[in-house]
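Asks: Mind looking over this structure? Questions follow.
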Amino acid sequence: MPLADCYGRRLILTLSISGMALGALIIGLTPSFGTIGFAAPILFLVAHILQAMSDGTEQQSAIAFMVEHALANHRGLFSSFSNMASGLATLAATGAAAIVTSAFAPDDLAAWGWRTPFVIGGLLGVVGLVLRARSDETP
């Protein structure tokens, strides 16, 4: 949150969605252990750390961003949208896992199919990045 206070919430939120999308793409596109050895788990670890840091930044800054844009008598309602979005994201991830599990044969799922939601998520991050870049800074 101190970074958002210094550099602006829009910039920090844009960086956080970029970090989450990049982490998803790293997970989805990293070659297997058999191909690149110990670099694969190291890249996975870096991607997860990047996503965790981005998520922590996102949670705090998004709530502040929404509250600062809301009318004084609607701040509680607007701040609840962040928690609602987290729940919807969990449902979406569960749905994506169910779709991928049912769409791929077990061998394909184990070999490469599990990567599909990560690549799609990373590409959807570009949409979020465009939306964030066009949003107004808080008042």
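Residues in the sequence shown are numbered from 8 upward in steps of one, following my numbering.
The beta-carbon is built from N, C-alpha and C at its ideal position, and this holds for glycine as well.
It should be emphasised that the depicted structure is a prediction, and the values quoted were computed from it without experimental measurement.
Mind checking whether S89 and Q66 have CB atoms under 8 angstroms apart?
Replies: Against the sequence shown, residue 89 aligns to sequence position 82. Against the sequence shown, residue 66 aligns to sequence position 59. Going by C-beta atoms, S89 is nearer than 8 angstroms to Q66.
Asks: Just checking, does the segment 111 to 125 make contact with the segment 27 to 40 on the three C-beta pairs under 8 angstroms criterion?
Replies: yes
Asks: Expressed to the nearest angstrom, what Euclidean distance is found between the alpha-carbon atoms of G135 and G83?
Replies: The sequence position of residue 135 within the sequence shown is 128, counting from 1. The sequence position of residue 83 within the sequence shown is 76, counting from 1. Distance between the alpha carbons of G135 and G83: 24 angstroms.
Asks: Would you kindly report the start and end of the unbroken alpha helix (DSSP H) that includes L78?
Replies: Residue numbering aside, residue 78 sits at position 71 when the sequence shown is read from its first letter. L78 -> no alpha helix (DSSP H), and no H or E assigned at all.
Asks: On the three-state DSSP scale, how would you describe G15?
Replies: Here residue 15 is taken as the residue at index 8 of the sequence shown, counted from 1. Here G15 sits in coil by DSSP.
Asks: Quick check on DSSP: helix, strand or coil for W119?
Replies: Counting from one through the sequence shown, the residue named residue 119 turns up at place 112. W119 falls in the coil class under three-state DSSP.
Asks: Measure the alpha-carbon distance for I106 versus A96 and round it to whole angstroms.
Replies: In the sequence shown, the residue the question calls residue 106 occupies position 99. In the sequence shown, the residue the question calls residue 96 occupies position 89. So the two alpha carbons sit approximately 15 angstroms from each other.
Asks: Check each candidate in F51, L10 and G132 and name the one with the smallest Cα separation from T64.
Replies: What you label residue 64 is simply residue 57 of the sequence shown in a count that begins at 1. Comparing Cα-Cα distances from T64 to each of F51, L10 and G132, the minimum goes to L10.
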